[in-house]
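Below: one structure, written as structure tokens.
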Amino acid sequence: MADHIVIVGGGPGGYEAAHVAAQLGAEVTVVDTDGVGGSAVLTDCVPSKTLIATSELMTDMSSAQELGVNFHDHQGDAATTITVDLARVNARVKQLAADQSADIAARLDRDGVRVVTGRGRLGPDLTVTATTADGEETLQADAIIVATGAAPRTLPSAKPDGERILTWEQVYDLTEVPEKLIVVGSGVTGAEFASAYLSLGIDVTLVSSRDRVLPGEDADASAVLEDVLTRRGMNVLGQSRMQSVTREGDTVTVTLTDGRTVSGSHCILALGSVPNTADLGLEDAGVTVDDGGFVKVDRVSRTSARGIYAAGDCTGVLMLASVAAMQGRIAMWHFLGDAVSPLDLKKVSSNVFTSPEIATVGWSQNAVDAGEIRAQVVMLPLAGNARAKMQGVRDGFVKLFCRPGTGIVVGGVVVAPRASELIHPVSIAVSESLTADQLAQAFTVYPSMSGSVAEAARRLHRV
Ligand SMILES: Cc1cc2nc3c(=O)[nH]c(=O)nc-3n(C[C@H](O)[C@H](O)[C@H](O)COP(=O)(O)OP(=O)(O)OC[C@H]3O[C@@H](n4cnc5c(N)ncnc54)[C@H](O)[C@@H]3O)c2cc1C
């Protein structure tokens, strides 16, 4: 008889595991509260990148004049402003997210996966009880995957009201452009929203508790980004820790721990995420969580309880949809006896979707500086790239790290428009242990931004 896999949570960690399990012949049930696709599709990743698609267009338009394009109004006068219709943008965002969720549901259905809409809770002896609109159903499993994701962190002193004090899940209900937006938090999510709304023509203040934006990213990359954002008019408040956010009428006030205040019309809280692991029955099932509530897993997604795996944001391993999906697949390859390699975080490429984008893979400058790995580093500004000049791109660079002895590429950073696409050759080099010479020898198109990836690799040639 086929193994029965029960997956709690239908985000990328859950639905990708479901596809693999179905492909390997298991009977699969996914229990999900909010609709398959999870937060990734419904509130986080897909909606924010759809919003950013509009902001990218606005950024491109802002350089139109330099490239010789003028806009005129219907009377032939020069148009000086381009405005965004936020209600239409947000309607498109929500529709696209719903469509994507429906596509995922249809694919799961084609694979024969059963989706139960309800809240799952683990019970004893590999059981999951789903509470649905029709009552309770207890499912007996051979293996369980916990993939319940995470939710925006809020504070008692900064409570979202869904109107003017917003989590990142609530911004798509805005129908009018905020007059003055304050974004609290300068990690990836805060930086992405601040950059996107700035491009939409909104007055943005970014409140950062650290001395620079994106404290977790490559320092050269965040310096470029901060420089671009401030040049484009963003008010970046470094070393400014938020104490509270309050609202009076149409005014939102952020009070900082040093007593200063910042006022605006709206505030987005980007204070990190908390795992959805409370009241899941994890303790009774023998699953260990850490102090932050994240499920502890090994590199093949096993928890401390036999037959129970966990994937995605609820594990806190690396909060990316791509990593969640891979953890879910690995869990199923492992349990169902297929070939499996443990998760290797040094091969994960990731991107910050700001303008310009920041993409990274492999070992970082921080690790090199801290002596965790010996590596040669080269950093090549994009300003010298012919295609960049043609497109009016002045900010950004390609940085590569390779081992001094062998020349094997172990990491890289790209700061550029569409860096998320340009990082792929570096990602292949890291994943396949290619040398800088091998990366340099592959033809690139002339003129192209990727020419700078090959050029940086050429500069690492050892004589
Ligand atoms: C604003 C933002 C932008 C992002 N952009 C990107 C990006 O561009 N690229 C990227 O790789 N990552 C991005 N991420 C991260 C990405 O969204 C997450 O890493 C990803 O959603 C994790 O997937 P998951 O399967 O672990 O959980 P989720 O996608 O959160 O899905 C979990 C699902 O489980 C359900 N659930 C929870 N508890 C239960 C229960 N008890 N029973 C049943 N169901 C339950 C939830 O309702 C949800 O549907 C972004 C995150 C944010 C906040």
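Using full-length UniProt numbering, the first residue of the sequence shown is number 1, and each one after it goes up by one.
Ideal Cβ positions, reconstructed from N, Cα and C, are used throughout, including at glycine.
On the three-state DSSP scale, how would you describe residue i?
i: P47; result: helix
i: S209; result: coil
i: H334; result: helix
i: V295; result: strand
i: G451; result: helix
i: E27; result: strand
i: Y446; result: coil
i: R110; result: helix
i: T315; result: helix
i: R247; result: strand
i: Q65; result: coil
i: D220; result: helix
i: M58; result: helix
i: F401; result: strand
i: I165; result: strand
i: I358; result: strand
i: L174; result: coil
i: S349; result: strand
i: I104; result: helix
i: H266; result: strand
i: A339; result: coil
i: N366; result: helix
In or out: residue i buried (at least 16 other Cβ within 10 Å) or exposed?
i: I5; result: buried
i: D313; result: buried
i: Y15; result: buried
i: V445; result: exposed
i: D44; result: buried
i: H266; result: buried
i: Q441; result: exposed
i: N366; result: exposed
i: A141; result: buried
i: E283; result: exposed
i: D82; result: According to the sequence shown, residue 82 is Ile rather than Asp. That one is exposed.
i: T175; result: exposed
i: H461; result: exposed
i: M449; result: buried
Taking C-beta to C-beta, are residue i and residue j nearer than 8 Å?
i: V398; j: A311; result: no
i: residue 464; j: V352; result: Because the chain spans 1 through 463 in this model, residue 464 falls outside it and cannot be assessed.
i: V183; j: A270; result: yes
i: F401; j: A375; result: yes
i: A359; j: P447; result: no
i: A97; j: V41; result: yes
i: T50; j: R92; result: yes
i: T129; j: E136; result: yes
i: residue 518; j: Q100; result: No answer is possible for residue 518: it lies beyond the span of the chain, which begins at 1 and ends at 463.
i: G13; j: A147; result: yes
i: Y309; j: A339; result: no
i: A151; j: S273; result: yes
i: G286; j: S263; result: no
i: G328; j: A17; result: yes
i: S427; j: S349; result: yes
i: G384; j: V415; result: no
i: R241; j: T257; result: yes
i: G38; j: G149; result: yes
i: residue 477; j: G362; result: What is shown of the chain runs 1 to 463, which leaves residue 477 out entirely.
i: V84; j: V177; result: yes
- prompt: Are the segment 192–211 and the segment 229–246 touching, with three or more C-beta to C-beta distances below 8 Å?
  reply: yes
- prompt: Are the segment 158–168 and the segment 71–91 touching, with three or more C-beta to C-beta distances below 8 Å?
  reply: no
message: With a threshold of 8 Å, are at least 3 pairs of Cβ atoms found where one atom belongs to the segment 189–199 and the other to the segment 312–324?
response: no
- prompt: Okay, do the segment 289–297 and the segment 215–234 touch, 3+ Cβ pairs below 8 Å being the bar?
  reply: no
message: Counting beta carbon pairs with one atom in the segment 31–46 and one in the segment 107–121, are three or more of them shorter than 8 Å?
response: yes
- request: Count the C-beta pairs between the segment 54–64 and the segment 102–112 that are closer than 8 Å, then say yes if the count reaches three, no if not.
  value: no
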